[in-house]
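A short write-up of the structure that comes next.
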Amino acid sequence: MDLTGKHLIKGRWQASGREGTFQAVDPANNESLPTEFFNASLDEVELAAQAAATAFATFSHLPLEERAGFLDECASQLDAAIEQIVPRAMAETGLPELRLRGELGRTTGQLRQFSAVLRRGDWKRVVIDTAQPERQPVPKPDIRLTQIALGPVVVFGASNFPLAFSVAGGDTASALAAGCPVIVKGHEAHPGTSELVAQCLQKAIETCKMPEGTFALLHGPGRTIGAQLIQHPAIKAGGFTGSIAAGRALLDLANQRPDPIPFFGELGSSNPIFLLDSALSQKGSEIAQGFVGAMTLGAGQFCTNPGILVLKEGKDSEAFLSEAAKAIGEQQGQCMLTPAIAASFVKGNEKRQTAKGVSVKAFGPQGQGNLAQPVLMAVSAQDYLADADLQEEIFGPSTLAILCDNDEQMLAIAASFHGHLTSSLFASNGDEEMSARLSSVIQQKVGRLIFNGFGTGVEVCAGMSHGGPYPSSTHVQSTSVGERAIDRFVRPLCYQNSPQALLPLELKDDNPLGIPRLVNGVWTSEPL
Ligand code: NAP
14 MDLTGKHLIK GRWQASGREG TFQAVDPANN ESLPTEFFNA SLDEVELAAQ AAATAFATFS
74 HLPLEERAGF LDECASQLDA AIEQIVPRAM AETGLPELRL RGELGRTTGQ LRQFSAVLRR
134 GDWKRVVIDT AQPERQPVPK PDIRLTQIAL GPVVVFGASN FPLAFSVAGG DTASALAAGC
194 PVIVKGHEAH PGTSELVAQC LQKAIETCKM PEGTFALLHG PGRTIGAQLI QHPAIKAGGF
254 TGSIAAGRAL LDLANQRPDP IPFFGELGSS NPIFLLDSAL SQKGSEIAQG FVGAMTLGAG
314 QFCTNPGILV LKEGKDSEAF LSEAAKAIGE QQGQCMLTPA IAASFVKGNE KRQTAKGVSV
374 KAFGPQGQGN LAQPVLMAVS AQDYLADADL QEEIFGPSTL AILCDNDEQM LAIAASFHGH
434 LTSSLFASNG DEEMSARLSS VIQQKVGRLI FNGFGTGVEV CAGMSHGGPY PSSTHVQSTS
494 VGERAIDRFV RPLCYQNSPQ ALLPLELKDD NPLGIPRLVN GVWTSEPL
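In the numbering used here, each residue carries its 1-based index in the sequence shown increased by 13.
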């Protein structure tokens, strides 16, 4: 598989070359990698958007089995290209081989999961309320509810998951499953990986004879082509993972359109960990080891990285922090994804160290180049509550321990949090009352509440919620991981007194798809 440096538009690799080029940088040595990538022009944005709009008419109406087969083919093409994709992704991200092989497995697993969701059919959430012509004082009409695709979707690939949250990642898989053509604005940190993955999707489109505008990849700056895409009239939704600043800018653009569209951004999260008294005294050492593992995993470049610890000041917290400090000191330095992310990590830590009342409890080994130096800092609850900036996410292995005097202060800390993706409660025998009080406060702040564990592993399954109140997500009712991610790219459509011939298959009396439907208040897969 050779790299062209071009965009995939209407099934062809093309580039006008008018907007200049860029190269990927290997974060391990800051050297430019081979292949010049073209920045897309406004004309190319237009071409891709029009092709997606044309494809939508066909793609969204394909039999579910055909769309499921296409997703399976995308997964198979990616599996077949693993030996090309992984080395390029390693060079572009500094991530280790094992991690990237695992991430490709997760990516293909997500595609196959959505093909299974399509075949199962329950994502249509069909409701049928049959007519009651004899009802008094007015007859009841026949009402049938299903879900239809929104339209073309723009996806912004994430830097920290170059496969599972990028070109063929969860946003793309769920949008395609829903019947929405996808245009990916590739992340400039891994353009070669993006192209190799897009080549796999292109082959799947050809093999399955999907419309040529089903999928497009454009390279170029977010501020220009990303902004143009989210504002294009043909685009009907956006998916994004990245910083609060970029996500907020795109959300505002989506909302300022004459026809505002949903924008599903997954932004910052510090994933607070609460360590309750008995857990701390009984299992403090074990938790400290687990915490340092979670904090430094992947150089802390996970949206679920534990960035805040909340615990009570005393001899148990001292023992915990000194055990964690020792483990942090023994960590190997890990390369960050890009020089800009490494620089922003250093800047964030420098700013935090100068904040009132903040002290450094531990530094990991000094990092060189783009290696991250893990940092554990501490602050009193009082100083934390007085400084709103301390809640800002520092992307990387940096954690702030908030030391409380009593339960009420711990609850006040929980109440002060803005939205986060996850929160963990470590509790043991004797912590029951405080667990109940804390969880009733913190459940209003997060999308996933974890007991005696860390949020870094995100299970991709039907019950997962990966979202939460702003700024962890721009859309509090949605998840970007798991089967429910498909809900973001469909909308309800209700048919009233429709002739059978005009109903989609899932709403017809004889239920030809054999899917579960809520008929007059009872779940059944039987025909009417
Ligand atoms: P980013 O700066 O948010 O960029 C993500 C995407 O948005 C890129 O495609 C970027 O395009 C585009 N973009 C940036 N600014 C934009 C704007 N004003 N308008 C439209 N599009 C824009 O994220 P990043 O480069 O991956 O990392 C930077 C920081 O983001 C990290 O240090 C970290 O703080 C945060 N981050 C958080 C998570 C998380 O999961 N919480 C994940 C990744 C990153 P370009 O190609 O032009 O840059």
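Glycine included, each C-beta is placed from N, C-alpha and C at the ideal position.
Whole-angstrom Cβ separation of residue i and residue j, contact assumed at under 8 Å?
i	j	result
ALA337	ALA375	7 Å
ARG270	GLN244	6 Å
ASP402	GLY370	Actually they are not in contact, since the Cβ atoms of ASP402 and GLY370 sit about 12 Å apart, beyond 8 Å.
ARG114	ILE95	7 Å
ALA202	LEU84	No, ALA202 and LEU84 are not in contact; Cβ-Cβ is about 26 Å, not under 8 Å.
ILE274	LYS296	No, ILE274 and LYS296 are not in contact; Cβ-Cβ is about 47 Å, not under 8 Å.
HIS479	LEU451	With 8 Å as the limit, HIS479 and LEU451 do not qualify as a contact, their Cβ atoms being about 22 Å apart.
ILE218	PHE228	6 Å
PRO410	THR309	5 Å
THR469	GLY320	The Cβ separation is near 11 Å, so there is no contact.
Report yes if the C-beta of residue i is less than 8 Å from at least one heavy atom of ligand 1; otherwise report no.
i	result
GLY468	no
CYS316	yes
ARG25	no
VAL254	With the sequence shown as reference, residue 254 is identified as Thr, and Val is not the correct amino acid for it. Yes.
HIS200	yes
ARG236	yes
GLY170	yes
PHE408	yes
GLY239	yes
ILE354	yes
ASN173	yes
SER357	yes
GLY205	no
GLY260	yes
GLY281	yes
THR351	yes
LEU263	yes
For residue i, tell me which candidate among the options has the shortest Cα-Cα distance.
i	options	result
GLY82	THR106, SER128, LEU113 and PRO100	SER128
SER335	VAL373, LYS369 and GLN347	VAL373
LEU231	MET103, GLU208 and GLY251	GLU208
ILE498	VAL473, LEU516 and ARG101	Here residue 498 is Ala; the residue named in the question, Ile, does not match the sequence. Residue VAL473 is the option with its Cα nearest to ALA498.
GLY527	THR435, GLU519 and LYS360	GLU519
SER73	ALA240, PHE253, VAL166 and ILE286	VAL166
LEU158	SER538, ASP290 and LEU516	LEU516
ALA177	GLU539, PHE502 and SER493	SER493
GLY313	ILE341, ALA28 and PHE464	ILE341
GLU279	ARG504, ASP418, TRP26 and THR487	THR487
VAL195	LEU293, GLN63 and ILE98	GLN63
LEU21	ASP135, GLY205, VAL454 and ILE463	GLY205
PRO512	VAL503, ASP522 and LEU506	ASP522
PRO246	ALA66, ASN442 and PRO505	ALA66
LEU124	GLN457, ALA181, PHE439 and LEU438	ALA181
ALA53	GLY226, GLY233 and PHE228	GLY233
ASN284	VAL459, GLN302 and GLN149	VAL459
VAL197	ASP142, THR143, THR254 and ARG148	THR254
ALA394	VAL323, CYS507, ILE286 and ARG148	VAL323
ALA88	VAL58, THR220 and GLU59	THR220
LEU91	GLY534, ALA440 and GLY122	GLY122
LEU288	GLY18, ALA68, SER485 and ALA427	ALA427
Who does residue i pair with in a DSSP beta bridge?
i	result
TRP26	LEU21
LEU389	ALA375 and THR412
ILE141	ARG157 and VAL532
ARG504	ILE161
LYS339	LYS339 pairs with nothing; no bridge assigned.
VAL168	VAL197 and GLY252
GLN509	ILE156
ALA229	ILE196
SER436	LEU462
GLN314	Partner(s): none; GLN314 has no beta bridge.
GLU279	THR254 and SER486
THR537	ARG530
THR34	PHE51
CYS348	LEU384
Is there a Cβ of chain D sitting closer than 9 Å to that of residue i, yes or no?
i	result
ARG157	Among the protein chains of the structure shown there is no chain D, as only one such chain exists.
Between residue i and ligand 3, is there a pair consisting of the residue's CB and a ligand heavy atom that are separated by less than 8 Å?
i	result
LYS153	Here the bound small molecules are ligand 1; ligand 3 is not part of this structure.
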